[in-house]
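Single-structure report; data block below.
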Amino acid sequence: IEINTQLMEIKPERDTYLHFCRKIQRTPISGEEFIPDLIPAELYRRFYSQCEDAFLFESGSGPENTARYSFMGRSNKCFVEIKNGLGRVCDGESGEIKSHPPFFCLDRMRFDDNEASAIDYISHFWGGWVGFIGYEMGHLFEKLAINRRNDLNLSDMYFVQVDRLFAYDHKTGILKYIVSAQTEGNPDSHYNQCVDEIREIWNRHKNLSADTAGDFHIGSASKAKDRVSPIKFQTSVSQSEYIYMVMQAKR
Numbered sequence: 023i024e025i026n027t028q029l030m031e032i033k034p035e036r037d038t039y040l041h042f043c044r045k046i047q048r049t050p051i052s053g054e055e056f057i058p059d060l061i062p063a064e065l066y067r068r069f070y071s072q073c074e075d076a077f078l079f080e081s082g083s084g085p086e087n088t089a090r091y092s093f094m095g096r097s098n099k100c101f102v103e104i105k106n107g108l109g110r111v112c113d114g115e116s117g118e119i120k121s122h123p124p125f126f127c128l129d130r131m132r133f134d135d136n137e138a139s140a141i142d143y144i145s146h147f148w149g150g151w152v153g154f155i156g157y158e159m160g161h162l163f164e165k166l167a168i169n170r171r172n173d174l175n176l177s178d179m180y181f182v183q184v185d186r187l188f189a190y191d192h193k194t195g196i197l198k199y200i201v202s203a204q205t206e207g208n209p210d211s212h213y214n215q216c217v218d219e220i221r222e223i224w225n226r227h228k229n230l231s232a233d234t235a236g237d238f239h240i241g242s243a244s245k246a247k248d249r250v251s252p253i254k255f256q257t258s259v260s261q262s263e264y265i266y267m268v269m270q271a272k273r
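Start counting at 1 in the sequence shown, then tack on 22, and there's your number in our numbering.
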C-alpha cells in the first residue's frame with residue numbers, strides 16, 4: 023500500500039477553494055489515495071492511540087448506507103463539556119477554560135449552516151464536533167429521575183472540535199486526510215499551507231507499506247472478516263452483571 027504523493031489527488035483545486043472562501047469560513051481540503059482493504063482500527067492505533075481526545079468511528083461491516091465510512095482523528099484542543107449541570111468551554115487557542123451556563127455551551131457548538139450545504143466535493147463528515155450526550159442531559163429539558171451514582175465520573179455531555187481527520191471509504195478503498203481549519207489571513211497562503219500539511223502527513227506515513235503492510239492491509243474483503251484484530255478489548259462488566267443491570271433498568 024505504498025502511498026505515492028505524486029499521484030495523490032488534492033481536492034478542491036485552488037480556484038474552487040478561493041471561490042468557497044468568499045462564502046464560508048471553513049473550506050475542507052483533502053488528499054486522497056486508493057488503499058484497498060485498509061484496516062482502520064490498526065491505522066488508528068498507529069496514529070492516535072497515545073493522543074488525548076482522539077476518536078475512531080469504525081464502520082467495517084454492515085449495510086452500505088450506515089457502514090460505508092470510517093473516521094478517525096483528534097481534537098484541535100477546543101472542547102465543550104456539561105457535567106452535573108455546569109458547563110465548561112475551552113477555545114483551543116489560548117487553552118483557557120471558562121465556566122458557562124449549559125445552554126451557552128450548546129450554542130457554542132453551532133457551525134455555519136451554509137458550510138455543509140455549500141461543499142459539493144465531499145459527501146460525508148469532514149469536520150465539526152465529535153462527542154457524546156448522556157442520559158443526564160435530559161434534566162435540562164424535562165423532569166427525570168436523578169441517578170446519583172457516577173462510578174465512571176463521566177460528563178453529561180462532552181464534545182471536541184475536529185478540523186483534521188482521516189476518512190476511509192470501504193466501498194471505493196479511498197483513504198482521505200482532510201484539513202478543515204478556519205481560513206485565516208490570506209486564503210491563497212492558507213491553501214498552500216493546508217496542501218503542504220497534507221503532503222507532509224502522507225510523506226510521514228507512506229512507509230506504512232513495506233514493514234507494516236501485514237497490519238494495515240489485507241488481500242481481500244473476505245479475509246477481513248476472518249482476520250483477528252491486533253487491538254485487544256477488555257469488558258468492564260461480566261455477561262451476568264450486564265444482564266442484571268439491564269433487568270434492573272427495565273423495572
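Glycine included, every Cβ here is placed at the ideal spot set by N, Cα and C.
Model, not experiment: these values are computed from the prediction.
Notebook entry, point to check: Does the distance from the CB of residue 62 to the CB of residue 199 come in under 8 angstroms?
Noted result: no
Item checked: Buried versus exposed, by CB contacts within 10 Å (16 or more), residue 155 -> exposed
Notebook entry, point to check: Span of the beta strand (DSSP E) holding residue 180?
Noted result: 179-184
Check: Are three or more beta carbon pairs between the stretch 85-100 and the stretch 51-69 nearer than 8 angstroms?
Finding: Output reads yes: the stretch 51-69 touches the stretch 85-100.
Next item on the list: Over the uninterrupted alpha helix (DSSP H) stretch that includes residue 90, give me the two end residues.
Entry: Neither: residue 90 is in no alpha helix (DSSP H) and is coded neither H nor E.
Margin query: Quick check: what's the CA-CA separation for residue 209 versus residue 40?
Written below: Residue 40 has its alpha-carbon roughly 7 angstroms from the corresponding atom of residue 209.
Item checked: Straight-line Cα distance separating residue 194 from residue 34 -> 19 angstroms
Checklist line | Residue range of the beta strand (DSSP E) that includes residue 110 | finding: 108-112
Next item on the list: Could you round the C-beta distance between residue 153 and residue 182 to whole angstroms and report it? I think they count as a contact, below 8 angstroms.
Entry: 6 angstroms
Check: If you scan the stretch 25-60 from start to end, which runs of the alpha helix (DSSP H) of 4 or more residues do you find wholly inside it?
Finding: Secondary structure within the stretch 25-60: the alpha helix (DSSP H) runs of 4 or more consecutive residues, fully enclosed, are 36-43 (chain order).
Notebook entry, point to check: Can the beta-carbon of residue 224 be found closer than 8 angstroms to that of residue 30?
Noted result: yes
Notebook entry, point to check: Which whole runs of the beta strand (DSSP E) in the stretch 198-233 are 3 residues long or more, in chain order?
Noted result: Listed in chain order, nothing qualifies, since the stretch 198-233 has no complete beta strand (DSSP E) run of 3 or more residues.
Checklist line | 7 angstroms CB neighbourhood of residue 266 in its chain, flanking five on each side removed | finding: none
Notebook entry, point to check: Taking one C-beta from the stretch 46-57 and one from the stretch 211-223 each time, how about it: are there three or more such pairs within less than 8 angstroms?
Noted result: yes
Notebook entry, point to check: The beta strand (DSSP E) with residue 64 in it runs from where to where?
Noted result: Unbroken run through residue 64 is the alpha helix (DSSP H), 62-70; no beta strand (DSSP E).
Item checked: Supposed close pair residue 261, residue 48 - CB separation, criterion 8 angstroms -> Their Cβ separation, rounded to whole angstroms, is 45 angstroms, which puts residue 261 and residue 48 out of contact at 8 angstroms.
Note to self: Going by DSSP in three states, residue 115 sits in which element: helix, strand or coil?
What the structure shows: coil
Item checked: residue 173 in three-state terms, based on DSSP -> coil
Margin query: Here's the rule: buried if 16 or more other CB atoms are within 10 angstroms of the residue's CB, otherwise exposed. What is residue 268?
Written below: Residue 268 comes out exposed.
Note to self: Short of 8 angstroms in beta carbon distance, which residues of its chain neighbour residue 119, apart from the five on each side in sequence? Order them along the chain.
What the structure shows: 110, 111 and 112
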